[in-house]
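J.:
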Amino acid sequence: TKKMSKSDPSELSYVGLLDEPKTILKKFKRAVTDSDTAIRFDVENKPGVSNLLTLFSILSGESIPDLETRLDGQGYGTLKVQTAEAVIGFLEPIQARFHELRADEAALDRILADGAARARARAEPTLQRAFDVHGFLPRR
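Counting from 1, one number per residue, gives the positions in the sequence shown under our numbering.
(1) Determine contact between the region 10-24 and the region 80-92, defined as no fewer than three beta-carbon pairs at a distance below 8 Å.
(2) Please work out which residues of its chain come closer than 7 Å, Cβ to Cβ, to residue 92, disregarding the five sequence neighbours upstream and downstream, and give them in chain order.
(3) What residue does the alpha helix (DSSP H) around residue 110 start on, and which one ends it?
(4) According to DSSP, simplified to helix, strand and coil, what is residue 42?
(5) How big is the Cα-Cα spacing for residue 70 and residue 44?
(6) Cβ of residue 207 within 8 Å of Cβ of residue 131?
(7) Assuming residue 41 contacts residue 58 (C-beta within less than 8 Å), just tell me the rounded distance between them.
(8) Could you pull the start and end residues of the alpha helix (DSSP H) that residue 68 belongs to?
(9) Cα separation between residue 118 and residue 129?
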């Protein structure tokens with residue numbers, strides 16, 4: 001078994017920031033687990049389950065031992081669905097903000113221009129010192 005990985009050629013091997021909730025759920029339902037049904041953290045013998053528990057713990061704020069106790073006897077399907085729901089909930093505000101920004105191209109252009117101007121102002125003293133040290137002509 002392997003962890004989700006962006007370098008894996010399969011679309012099922014990672015969750016994209018803009019994946020639809022149904023796509024995220026599908027990916028988690030297909031997550032690799034083992035033939036045992038016990039939900040317990042064991043990186044050596046249950047890497048897939050351990051990965052799901054780690055992710056679920058981080059996103060839910062529940063400790064792994066608490067998750068193991070709460071999910072005891074419920075099977076991998078429950079773990080996969082609840083982990084997917086936690087990921088969906090985590091990504092929801094990110095996706096909403098993305099769609100909000102994409103809906104107003106003029107506002108997005110203003111944000112980008114403002115960021116570029118602030119970056120330029122912050123970099124200018126360093127760039128000027130580099131020009132001076134290396135004897136380049138002053139910038140116009």
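No residue lacks a Cβ here, since even glycine has one placed at the ideal position from N, Cα and C.
T.: So, to answer that:
(1) yes
(2) Counting from 1 along the sequence shown, the entry for residue 92 is found at position 92. If we look at residue 92 and ignore the five residues flanking it on each side, it has no Cβ neighbours.
(3) Here residue 110 refers to the residue found at position 110 when the sequence shown is read from its first residue. Here the alpha helix (DSSP H) through residue 110 covers 105-134.
(4) Counting from one through the sequence shown, the residue named residue 42 turns up at place 42. The answer is strand: DSSP assigns residue 42 an E or B state.
(5) On the sequence shown, residue 70 is found 70 positions in, with the first residue counted as 1. On the sequence shown, residue 44 is found 44 positions in, with the first residue counted as 1. Roughly 22 Å between the two C-alpha positions.
(6) Nothing about residue 207 can be reported from this structure: the residues present for the chain run from 1 to 140 only.
(7) Counting from 1 along the sequence shown, the entry for residue 41 is found at position 41. Counting from 1 along the sequence shown, the entry for residue 58 is found at position 58. Between residue 58 and residue 41 the Cβ distance is about 13 Å, and since that is not below 8 Å, they are no contact.
(8) Here the question's residue 68 lines up with position 68 in the sequence shown. 64-71 is the extent of the alpha helix (DSSP H) around residue 68.
(9) As a first step, residue 118 is located in the sequence shown; it is residue number 118 there, counting from the start. As a first step, residue 129 is located in the sequence shown; it is residue number 129 there, counting from the start. The straight-line gap from Cα to Cα measures roughly 18 Å.
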